[in-house]
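**Q** Here the sequence shown is numbered in our numbering, starting from 509 and rising by one per residue.
Below you will find the structure I want to go over with you.
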Amino acid sequence: MNMLPSKEPYDGYCGTSYAAKMLGISVGTVQGLVEKNDLKAWKTQGGHRRISLQSIQDYQRRHNLAPASLMQDEDRLRVLVVEDDENTRLMLQANFDQWGLALDVVMYSSAMEALLDMPTLQPQVLLTDLRMPNVDGFVFLRTLSTHNLFSHLAVVVMTGMSPQEVKDKGGLPDGVQLLHKPVDLDWLHGFFDALMSVRQINRRSRPQSA
509 MNMLPSKEPY DGYCGTSYAA KMLGISVGTV QGLVEKNDLK AWKTQGGHRR ISLQSIQDYQ
569 RRHNLAPASL MQDEDRLRVL VVEDDENTRL MLQANFDQWG LALDVVMYSS AMEALLDMPT
629 LQPQVLLTDL RMPNVDGFVF LRTLSTHNLF SHLAVVVMTG MSPQEVKDKG GLPDGVQLLH
689 KPVDLDWLHG FFDALMSVRQ INRRSRPQSA
C-alpha cells in the first residue's frame, strides 16, 4: 500500500466507502486497488483509510469510467469541507470519525478544486474557510450562489475573521451559518444531528407509492 508522507501536499481525500461510490465498485474492490497502488491512500493515526481524490479521478480516466451518481444513499449526509489548513482538516476529520454519524466527508484544500468537483459529488452540506489562497471563501460562495446546487446546500463558514471584517469583505449570502474559530465542535455535532433528523422527518412524510 502506498503511504503518502505527511509532508506531501494533497488537494483532497475521501474515505473508502465514498471512493467505492465514486467508482461504482465495492469497498473490497477499492481496498484491492489500494493494495495494488492503483489508488493512492494512507491511514490516519486512528486507523481510518483516506484515499486521494486525484488518484480516483486518474483511475476513472485510465479506465474510461464515467463519474458515478452519488445520490442513491438517502441515509447518509454528503459533506464537503474546504479548508486550506491541514491541521484543521485533520482535527475535523478526527471528530467526524469519533461521532460515528452517517456522514460521507470529502476534504479539499482548494476552493477551485472543490468547485470543479461539486457537480459530481453533489454535497448536501458545505463547510468552508474564508481566508484561502487563490480563490477565497467569499469568491467561492458568490460563485456557488449563482448555481442551482446552492439552493439545496446547507452552508457553514468557519473563520477567524471578526463579524466586521466579514462585513467589510461584502458579507455572506443569505442562509449561511457563521462559525468562528476555534470551531465549536458541540455546535457542529448538533448541526449535523438536526439536519439528519429533518431529512428523516421529510422522508417519512413523503407519500408512499402504491
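Think of the CB as a built atom: it goes at the ideal place given N, C-alpha and C, for glycine as much as any other residue.
Keep in mind that this is a model prediction, so the values were computed, not measured.
Span of the alpha helix (DSSP H) holding A702?
**A** Where A702 is concerned, the enclosing alpha helix (DSSP H) stretches over 693-713.
**Q** Between which two residues does the alpha helix (DSSP H) harbouring A528 extend?
**A** Start and end: 524-531.
**Q** Consult DSSP for Q685 and reduce its assignment to one of helix, strand or coil.
**A** Strand, per DSSP.
**Q** Closest to A619 by CA distance: which of G645, L634, A527 is it?
**A** Comparing Cα-Cα distances from A619 to each of G645, L634, A527, the minimum goes to G645.
**Q** Nearest by alpha-carbon distance to D566: which of N545, L600, L585, R707 is it?
**A** Nearest of N545, L600, L585, R707 to D566, Cα basis: N545.
**Q** Specify the secondary structure class of K551 as computed by DSSP and reduced to three states.
**A** Strand, per DSSP.
**Q** Which of the three DSSP states is assigned to V590 in this structure?
**A** Here V590 sits in strand by DSSP.
**Q** Over what stretch of residues does the beta strand (DSSP E) that includes M640 continue unbroken?
**A** Looking at the DSSP string, M640 is not in any beta strand (DSSP E), and its letter there is neither H nor E.
**Q** What is the DSSP secondary structure of A662, reduced to helix, strand or coil?
**A** Reduced to three states, the DSSP call for A662 is strand.
**Q** Go through its chain and collect everything with a Cβ distance to L598's Cβ below 8 angstroms, but skip five positions before and after it.
**A** Cβ neighbours of L598 beyond the five flanking positions: T552.
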